[in-house]
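Asker:
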Amino acid sequence: MGRERWLARAYGAICAVAVGVAIAIGWRTLPRVAAGEADPVGAAIGLVGLAAGIWSGWLTVRSLRWQETNLTEVAGRLAVEVLAAEREARRQLLGDHDKTIDLEFALLPAPAHDAAGARPQGHLDDVVGYYQDLRPGRMVITGEPGAGKTVLALELMLGLLTKRKPDDPVPVRLSLASWGDELPLADWIARHLTEAYRLPAVTASALVKARRVLPVLDGLDEMDADSEPGYDSRAGHALRRLNSYQQGLDKAELVLTCRRRTYQALEALRVWTQDAARVEIHRVDGAMAREFFSRRVDDLTRWREVLESFGRNPQGPLATGLSTPWRLTLAVTVYEQRDPRTGRYLRDPRALLSSALDTADAVGAHLLASFIPAVTALHPGPRGVSYSPQQVRAWLTVLGSYLHRNGATARTVGGRALSGTDIVLHELWPLAGTRLPRAATVALVAMTWVTGSAILLAQVPTGFSQGQLLAAGLVVLAAMWMMLMAWGILWPQPSRADLRRLRSSAGRRSFAKWFMVGPLGVLAFGFTFGLTGRGLGILVFGLVVGILGGLTGALEASGTLGVVSPKDIVRDDFALGLAVGLTGVLVFEVAAGLTGQPAEVLAFGLAIALTFELVGALRGVIVFGLSGGLSAGLSGGLSAGLGGLRYVAFLLCTRRWSGRWLPWRLGRFLHWCYGAGLIRVAGIAYQFRHRELQDYLATTGT
Numbered sequence: 001m002g003r004e005r006w007l008a009r010a011y012g013a014i015c016a017v018a019v020g021v022a023i024a025i026g027w028r029t030l031p032r033v034a035a036g037e038a039d040p041v042g043a044a045i046g047l048v049g050l051a052a053g054i055w056s057g058w059l060t061v062r063s064l065r066w067q068e069t070n071l072t073e074v075a076g077r078l079a080v081e082v083l084a085a086e087r088e089a090r091r092q093l094l095g096d097h098d099k100t101i102d103l104e105f106a107l108l109p110a111p112a113h114d115a116a117g118a119r120p121q122g123h124l125d126d127v128v129g130y131y132q133d134l135r136p137g138r139m140v141i142t143g144e145p146g147a148g149k150t151v152l153a154l155e156l157m158l159g160l161l162t163k164r165k166p167d168d169p170v171p172v173r174l175s176l177a178s179w180g181d182e183l184p185l186a187d188w189i190a191r192h193l194t195e196a197y198r199l200p201a202v203t204a205s206a207l208v209k210a211r212r213v214l215p216v217l218d219g220l221d222e223m224d225a226d227s228e229p230g231y232d233s234r235a236g237h238a239l240r241r242l243n244s245y246q247q248g249l250d251k252a253e254l255v256l257t258c259r260r261r262t263y264q265a266l267e268a269l270r271v272w273t274q275d276a277a278r279v280e281i282h283r284v285d286g287a288m289a290r291e292f293f294s295r296r297v298d299d300l301t302r303w304r305e306v307l308e309s310f311g312r313n314p315q316g317p318l319a320t321g322l323s324t325p326w327r328l329t330l331a332v333t334v335y336e337q338r339d340p341r342t343g344r345y346l347r348d349p350r351a352l353l354s355s356a357l358d359t360a361d362a363v364g365a366h367l368l369a370s371f372i373p374a375v376t377a378l379h380p381g382p383r384g385v386s387y388s389p390q391q392v393r394a395w396l397t398v399l400g401s402y403l404h405r406n407g408a409t410a411r412t413v414g415g416r417a418l419s420g421t422d423i424v425l426h427e428l429w430p431l432a433g434t435r436l437p438r439a440a441t442v443a444l445v446a447m448t449w450v451t452g453s454a455i456l457l458a459q460v461p462t463g464f465s466q467g468q469l470l471a472a473g474l475v476v477l478a479a480m481w482m483m484l485m486a487w488g489i490l491w492p493q494p495s496r497a498d499l500r501r502l503r504s505s506a507g508r509r510s511f512a513k514w515f516m517v518g519p520l521g522v523l524a525f526g527f528t529f530g531l532t533g534r535g536l537g538i539l540v541f542g543l544v545v546g547i548l549g550g551l552t553g554a555l556e557a558s559g560t561l562g563v564v565s566p567k568d569i570v571r572d573d574f575a576l577g578l579a580v581g582l583t584g585v586l587v588f589e590v591a592a593g594l595t596g597q598p599a600e601v602l603a604f605g606l607a608i609a610l611t612f613e614l615v616g617a618l619r620g621v622i623v624f625g626l627s628g629g630l631s632a633g634l635s636g637g638l639s640a641g642l643g644g645l646r647y648v649a650f651l652l653c654t655r656r657w658s659g660r661w662l663p664w665r666l667g668r669f670l671h672w673c674y675g676a677g678l679i680r681v682a683g684i685a686y687q688f689r690h691r692e693l694q695d696y697l698a699t700t701g702t
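In full-length UniProt numbering, the protein residues as written are 1 to 702.
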């Protein structure tokens with residue numbers, strides 16, 4: 001049973017018990033209460049809580065039923081989101097252009113266990129029909145670096161999504177470099193759906209279990225540093241696990257991309273994708289290059305001598321150096337750049353005929369050296385921010401060197417392999433070392449708690465009551481607990497908050513629902529205290545929990561299917577912590593003002609919150625409970641967003657003095673790089689647009 005399903009049922013049971021207890025105690029107590037002893041405010045609030053309990057129980061059951069019975073509808077909505085995201089990915093890979101080369105590919109039979117129905121030859125334009133003829137639908141796309149493997153996979157995905165029928169699986173692209181040994185394939189796919197598309201975990205698992213998702217697994221060659229991995233390599237393990245991925249009695253459908261050299265090395269060890277058709281993409285010849293240039297350039301005569309060189313020497317350094325779609329796109333980007341004022345071309349493609357470019361690698365390095373200056377000039381920075389080519393290269397070199405080092409050394413931190421391709425903002429902190437960012441996180445937590453506590457103590461009159469001493473002790477314990485977590489949790493996971501939800505009517509309805517559900521337990525309990533005239537502070541605290549739980553639940557509640565932007569995750573996590581904390585400020589002041597006993601409210605809140613902290617319950621309760629007054633906003637709010645706080649600590653550790661300088665607004669910079677065509681998006685990760693660009697920056701430096 002999935003975690004969310006278990007939590008839903010457990011919460012429904014708690015609702016039922018709380019409501020039942022409130023009814024029973026109220027039924028027995030009410031007849032014996034004398035006039036004037038009842039607290040009318042508490043009784044009224046308690047009755048509201050009782051009604052909320054019945055309603056929330058019904059919502060829980062309805063939500064669980066919806067998750068279990070609407071896979072066809074969810075798959076359809078997922079397909080719409082994937083189609084939009086992958087169309088944008090295709091546009092970006094093609095360099096803001098809709099024309100691509102009609103790649104040719106040929107079937108390369110495996111030693112055994114091929115898929116049935118594979119034709120000997122195929123083209124990019126008919127890749128959907130080629131795939132649909134396969135039985136089972138398992139396809140491996142191989143080729144040289146830059147040959148267009150990802151482009152072919154994207155074309156297949158878009159074609160399948162465009163022609164998709166309601167019961168067809170939804171193709172979803174995943175980066176194999178992020179698949180670790182700790183997760184089975186089905187669980188890893190489900191987690192990706194949850195992270196990248198905001199699907200509830202139980203729904204994502206149900207989709208994968210029903211094989212309503214077609215995994216498009218990109219980059220088997222990026223799992224290991226060695227281009228010829230061994231039998232015991234990550235890629236070798238991955239292939240063996242893919243062969244055990246079943247759909248009924250047959251192998252489950254999938255699409256896999258890999259560099260030719262890596263796949264051949266594994267095949268030589270008798271490890272390959274069974275019951276699949278392996279197709280190899282052909283290199284671009286002179287005729288295909290001419291067609292590409294005729295589609296992409298404004299003045300083909302400028303390229304005449306380059307094209308003539310292709311014809312004279314088809315195996316020469318220029319022809320082989322421009323034999324892939326990636327290299328051709330580089331050439332067009334660099335040599336079609338024009339002065340924005342005069343329209344004059346800034347570079348002459350005849351420079352490619354230089355005798356210094358005597359190898360294919362030299363041609364590639366020449367194009368890569370001019371690529372960043374060209375795209376920087378073509379794409380101004382966001383909101384008036386100006387990025388110089390030197391800054392862009394320096395920052396991307398830091399990131400590329402880190403990824404290159406991870407891939408070359410197979411580094412692990414806390415049992416997790418560090419990716420050699422994926423830039424996930426809240427997982428990037430090991431770039432600054434394994435200890436320094438954690439120590440900086442502890443320092444930030446300590447600083448916020450000290451500041452918040454000082455402000456809180458300044459509001460307390462001279463002399464301390466027992467309640468105030470209890471509150472102070474709990475604050476100290478909470479601060480120590482948060483600092484221990486800040487150091488000990490190696491991989492803090494950000495909340496699944498989406499701050500944009502409150503802009504929509506659905507998001508506002510969600511907030512209203514969670515506001516009613518949040519205070520249920522405390523209000524049902526406070527119903528009894530209200531009748532006996534002793535619980536106004538507790539009742540007000542119930543409303544506090546409701547407001548904070550409503551804010552957290554409204555922003556974190558899953559089920560709002562949509563594409564997650566990599567740059568928004570840590571921002572929303574940090575902002576959620578601040579929003580909940582500052583909300584706690586306002587509500588605490590109201591609670592203290594109504595009761596005239598701020599220490600009582602604070603002590604009770606801390607006790608409840610620490611209990612919730614130990615059992616891992618709602619973060620909104622934790623945030624309020626671990627703080628009081630303005631301390632809630634400064635300390636509890638910041639500490640709650642531990643993933644965002646670790647990211648801030650990481651940025652502090654990557655200033656100029658560190659030797660690993662990165663911009664303060666790293667997410668904004670990477671988003672600009674994505675728009676400029678230097679970076680691509682894969683789920684919640686950024687990746688270099690091509691591995692060749694990453695390796696070039698890592699090996700040549702600034």
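Virtual Cβ for every residue (Gly too), placed ideally from N, Cα, C.
1. If you draw a straight line from the alpha carbon of A252 to that of W664, how long is it in whole angstroms?
2. Should A112 be counted as a contact of the ligand SAH given a C-beta to heavy atom distance under 8 Å?
3. Would you give the residue range spanned by the alpha helix (DSSP H) that A676 belongs to?
4. Return the chain-ordered list of same chain residues with a C-beta closer than 7 Å to the C-beta of N313, the five sequence neighbours on each side being excluded.
5. Thinking C-beta only, is V271 closer than 9 Å to residue 707?
6. Between the segment 319-336 and the segment 285-294, do at least 3 Cβ pairs fall closer than 8 Å?
7. Out of V213, H237, M447, point me to the one whose CA is closest to D181's CA.
8. If you follow the alpha helix (DSSP H) that L403 is in, where does it begin and where does it stop?
9. Tell me which residues share the same chain as G137 and place their Cβ nearer than 6 Å to its Cβ, disregarding the 5 neighbours each side in the sequence.
10. Flag this pair as yes or no: are the beta carbons of L403 and A698 separated by less than 9 Å?
11. If you draw a straight line from the C-alpha of S205 to the C-alpha of N243, how long is it?
12. By the 10 Å Cβ neighbour count, where 16 or more other Cβ atoms means buried, how is K165 classified, buried or exposed?
13. My output table needs one value for R691: the three-state DSSP class, helix, strand or coil.
14. Out of I281, G667, A268, which has the shortest C-alpha to C-alpha gap to I423?
15. In this structure, how does DSSP classify V385 when only helix, strand and coil are distinguished?
16. Pick from L353, V363, L367, V170: whose alpha carbon is nearest that of Q337?
17. What did DSSP end up calling D232 once you bin it into helix, strand or coil?
18. Rounded to a whole number of angstroms, what is the C-alpha to C-alpha distance between R302 and A210?
19. What separation, rounded to the nearest whole angstrom, lies between the Cα atoms of R135 and P215?
20. If we count the other Cβ atoms within 10 Å of its Cβ and call it buried at 16 or more, is M139 buried or exposed?
21. Is the segment 149-160 close to the segment 213-230, with three or more CB pairs under 8 Å?
22. Mind checking S175: buried by the 16 CB within 10 Å criterion, or exposed?
23. By a C-beta neighbour count over all protein chains shown, 10 Å radius and 16 as the cutoff for buried, is M447 buried or exposed?
24. Just to confirm the assignment: which complete alpha helix (DSSP H) runs, minimum length 4, are found wholly within the UniProt domain "NACHT" (139-294)?
25. Can you tell me whether A441 is helix, strand or coil according to DSSP?
26. Looking only at its chain, what residues have a beta carbon closer than 7 Å to the beta carbon of G643, apart from the 5 residues adjacent to it on each side?
27. For V450, count neighbouring C-beta atoms within 10 Å of its own C-beta (all shown protein chains included) and say buried if the count is 16 or more, exposed if not.
28. Based on DSSP bridge pairs, tell me the residues matched to E104.
29. State the CB to CB distance for the pair Q92 and G677, rounded to an integer number of angstroms; the pair is presumed to be in contact (CB under 8 Å).
30. Measure the alpha-carbon distance for A235 versus G701 and round it to whole angstroms.
31. May I ask which residues mark the beginning and end of the beta strand (DSSP E) holding R680?
32. How close, in whole Å, do the beta carbons of F293 and L307 come, if the pair is a contact with beta carbons under 8 Å?
33. So the candidates are T342, G343, D339, V332; which of them puts its Cα closest to the Cα of A351?
34. Need the endpoints of the alpha helix (DSSP H) that Y647 sits in, please.
35. Since R296 contacts H97 with CB under 8 Å, what's their CB separation in whole angstroms?
36. Against chain B, with Cβ distances strictly below 9 Å, would P314 count as a contact?
Answerer: Taking the structure as given:
1. Between the C-alpha atoms of A252 and W664 there is a straight-line separation of about 44 Å.
2. For the ligand SAH, the structure offers nothing, since it holds no ligand at all.
3. A676 -> alpha helix (DSSP H) spans 666-676.
4. If we look at N313 and ignore the five residues flanking it on each side, its Cβ neighbours are A319.
5. Since the displayed the chain opens at 1 and closes at 702, residue 707 lies outside it and no answer follows.
6. The count of Cβ pairs closer than 8 Å, one atom from the segment 319-336 and one from the segment 285-294, reaches three, so the stretches are in contact.
7. Comparing Cα positions, the closest option is H237.
8. Per DSSP, the continuous alpha helix (DSSP H) segment holding L403 begins and ends at 389-409.
9. Around G137, the same chain offers E253 as residues with beta carbons nearer than 6 Å, after the five sequence neighbours per side are excluded.
10. Yes, these two residues count as a Cβ contact at 9 Å.
11. Roughly 20 Å between the two C-alpha positions.
12. Exposed is the label assigned to K165, since fewer than 16 other Cβ atoms lie within 10 Å of its Cβ.
13. In this structure, R691 counts as helix in the three-state DSSP scheme.
14. Cα-wise, what sits closest to I423 is G667.
15. Secondary structure of V385 (DSSP, three-state): coil.
16. That would be L367, whose Cα lies nearest to the Cα of Q337.
17. Note: D232 maps to coil in three-state DSSP.
18. Each residue's alpha carbon lies about 55 Å from the other.
19. Straight-line spacing of the CA atoms in R135 and P215 works out to 16 Å.
20. Counting Cβ neighbours within 10 Å, M139 comes out buried, since at least 16 surround it.
21. Judged by pairs of C-beta atoms under 8 Å, the segment 149-160 touches the segment 213-230, as three or more such pairs exist.
22. Result: buried.
23. By the 16-neighbour rule on beta-carbons within 10 angstroms, M447 is exposed.
24. Listed in chain order, the complete alpha helix (DSSP H) runs (minimum 4 residues) inside the UniProt domain "NACHT" (139-294) are 149-162, 185-197, 201-209, 234-243, 260-268.
25. Reading the sequence as shown, one finds Thr at residue 441 and not Ala. DSSP, read as helix, strand or coil, puts T441 in helix.
26. Counting only residues of its own chain and dropping the five nearest sequence neighbours on each side, G643 has a CB closer than 7 Å to the CB of H426, P492, Q493, P494, V570, D573.
27. Exposed, by the Cβ-count rule.
28. DSSP output for E104 lists H123 as bridge partner(s).
29. Yes, Q92 and G677 are in contact; Cβ-Cβ is about 6 Å, under 8 Å.
30. Using only the alpha carbons, I get a separation of about 29 Å.
31. That run of the beta strand (DSSP E) goes 679-682.
32. Right, their Cβ atoms sit about 7 Å apart.
33. Selection T342, G343, D339, V332 evaluated against A351 yields V332 as nearest (Cα-Cα).
34. Per DSSP, the unbroken alpha helix (DSSP H) holding Y647 starts and ends at 642-652.
35. The Cβ separation is near 6 Å, so the contact holds.
36. Of the protein chains in the structure, only one exists, and it is not chain B.
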